[in-house]
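First to last, the sequence lines map onto chains A and B.
280 is the number that my numbering gives the last residue of the first sequence; the numbers go up by one with no jumps.
1295 is the number that my numbering gives the last residue of the second sequence; the numbers go up by one with no jumps.
Note that the Cβ used here is the ideal one computed from N, Cα and C, for glycine as well.
Here the structure is a predicted model, which is why all the values come from computation and not from measurement.
One structure is given here, and the rest of the page talks about it.
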Amino acid sequence: MNHKLERLYSHFIYRYLPLTVLLLFIMIPFYWTINTSLKHEANITKMPIQYLPTPATLENFILSWNNVGFSIFFRNSMFIALATVLIVLILSILAGYAISRFQFKGKNAFMLLLLCTQFVPGAMLLIPLFMQFKAMSLTGTHLGLIITYSAFQLPFNAILMSGFIRGIPEALEEAAEVDGCNRLQAIYHVILPILVPGLVATSVFTFIGAWNEFLFALMFITKKPLFTLPVGLSYMQGEFDINYGALAAGSVIALVPVVILFSYVQKYLVQGLGAGAVKG
Amino acid sequence: MSVFINKKWRPYLFIAPSVILLVGFLFYPIANVFVLSLQNYNPAKPYANGFTGFDNFVQIFTNDKIFYSTLSISLKWVLSEVVLQLILGLILALLLNQTFRFRGLARAAAFLPWAISGVITATMWSIMFNEHFGVINDLLKKIGIISQNIAWTASPDTAFGSIVTAELWRGIPFFAITLLAAMQNIPGELYESCKVDGGGRWRSFFSITLPYLKDTIVLTTLLRAVWEFNNVDLIFTMTGGGPANMTMTLPMYIANQAIKSNNYGYGSALTVIGVILLTLFAALYLKFSGFGKEE
């Protein structure tokens, strides 16, 4: 009996207490944002502070979606993120395939090129990339952002994809080639269907990266109808009279797609990210 | 013959689009920033534009007080973020590596901030840090730690701590994820034999877990240090570098030069200094940490 108590005590001290503290720290901001987004505007600033939204209302969501412009920001972010995903998917399949299947001169140089980009500081590209896009008349367009995000997201995902492709036996494509396919057809008909988990993981990482990016979107886009969600959120906080209810609602709107996608891929993270990308 | 050529060039056709994208939109601009750094370039003052040699650098090193303060604030920012994130991330990984009920759910919840953008993180924490109706002031008053409301992000004493806390929230999962992944590669027999030898919880941690994680820790702290150094989104949204430049890191200063003052030449010179500092740091870090060497 005494032994059992000791065990219970040790589990409490070494497991449940620290776990609870850390999880509370992690969950409270989510709770508080949702709580704020569901309160009436007048109740947000009223004392004492409401720890539950009573009465709960959706007026903040309606306001931010219809009046502040989050329906437009949402559409812009969605378009940019999906276009980036498409480009990164195609390029990373081709590059990942070349890395894992072909022996060629310059392969190591190409791998080094991909790895180096992990150290390329994003904020440092702000000015030169802006000047370059200005010369190409791409500032103030979504295309400029799509190109930028594709360049940022490609290296990591190409390496990730090459790992997924290496896991598929090459005999499958050889058999398809015997049957009269060329290599691209073999990839399309044989590899892609098996590669679905890899495609999903790559797409989600790329989507989240493009969806979340702020600095370049702020620098390149100046017209409100072209804003992305992060720029819209930042813009709201720069206004003289901040509407906190609409701001919290806007945050929740921007959070929803990321949370859904993340909960789907988080199980890959521990397997894939650690083993593949970070340890090299 | 045409088949032979086709086969020989095939790999290059496969990687060509990637190479074009990366060279054209990552490496060319990096090279370009060196050229820009030698110019005076401000679209609002076209009459003054042109090559000025090392004038920008002379100005930065002899006349720019903000620049020197951005260096120490950047160092403080990177150190506090990487150290705190590593310690708490390691603790979280150790906790989530044990078996208990609802572990899958706990992992999913614990990792979630990893996917949240800097701007949303800043927004959520700004609402909680608000001086007048923020929940943090309310909670701290309830437990009696403070008696008066604090303007967390606007006061010089607390602004830096506020942005560190918010970024810490977003950064812990990165270490938790990568360290947990590395822990799963540690052979279980090692722990068994340590137990047989009478080693307890702490000994198995220091003699098995930590040595096994060393390379992962070296690489992830380096990646994280570079990443946190460049991290502007959250600071930009929460404090904008203020109050009185107390949270102005070097990249935040560069972003201000680019977005607010449009000093592209001067900003490029600051960028060049940043790139050189980062490269030096990464090289020294890998050299002195003995990355990849066997014990």
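Below-8 Å beta-carbon distance, residue i vs any chain A residue
i	result
B/LEU1084	no
B/ALA1110	yes
B/ASN1040	no
B/ILE1120	yes
B/MET1246	no
B/ASP1055	no
B/PRO1029	yes
B/SER1002	Any answer about B/SER1002 is weak, because its pLDDT of 48 lies below 50 and its placement is not dependable; what the coordinates show is given next. Chain A contact via Cβ: absent.
B/ASN1230	yes
B/SER1268	yes
B/LEU1237	What sits at residue 1237 of chain B in the sequence shown is Thr, not Leu. So, interface residue.
Below-8 Å beta-carbon distance, residue i vs any chain B residue
i	result
A/ILE72	no
A/ALA275	Caution is warranted here: a pLDDT of 42 is assigned to A/ALA275, below 50, making its placement in the model unreliable, and the coordinate value is therefore given only provisionally. Chain B, which has a Cβ nearer than 8 Å to the Cβ of A/ALA275, makes this yes.
A/TYR244	yes
A/LEU63	no
A/SER77	no
A/MET161	no
A/PRO155	yes
A/LEU145	no
A/SER263	yes
A/PRO53	no
A/TYR235	no
A/ASN60	no
A/LEU8	no
Paired residues, beta bridge with residue i - DSSP
i	result
B/GLN1039	B/PHE1051
Assigned secondary structure, residue i (DSSP; H/G/I helix, E/B strand, else coil)
i	result
B/ALA1151	coil
A/GLN266	helix
A/MET78	helix
B/TYR1028	helix
B/ARG1203	helix
B/ARG1101	coil
A/SER251	helix
B/VAL1218	helix
A/THR20	helix
A/MET131	helix
A/GLN185	helix
B/ASP1233	helix
A/LYS50	The amino acid occupying residue 50 of chain A in the given sequence is Gln; Lys does not appear at that position. Coil at A/GLN50, not helix or strand.
Host alpha helix (DSSP H) of residue i (start-end)
i	result
A/HIS3	2-11
A/CYS116	107-116
A/ARG166	142-166
A/SER203	196-212
B/VAL1078	1065-1096
A/MET219	215-220
B/TYR1139	Reading off the sequence shown, one finds Leu at residue 1139 of chain B, where the question assumed Tyr. Where B/LEU1139 is concerned, the enclosing alpha helix (DSSP H) stretches over 1135-1142.
A/GLN237	229-237
B/LYS1287	1264-1288
Straight-line gap, residue i to residue j (C-alpha atoms, nearest Å)
i	j	result
B/SER1207	A/ILE165	36 Å
A/LEU154	A/THR202	10 Å
A/ILE194	A/ILE168	8 Å
B/ALA1031	A/LEU125	10 Å
A/ASN66	A/PHE73	11 Å
B/MET1246	B/LYS1076	11 Å
B/PHE1133	B/LEU1139	11 Å
B/ALA1283	B/PHE1102	42 Å
B/THR1271	B/TRP1202	45 Å
A/LEU112	B/THR1237	34 Å
B/ALA1109	B/VAL1135	21 Å
B/MET1124	A/PHE61	16 Å
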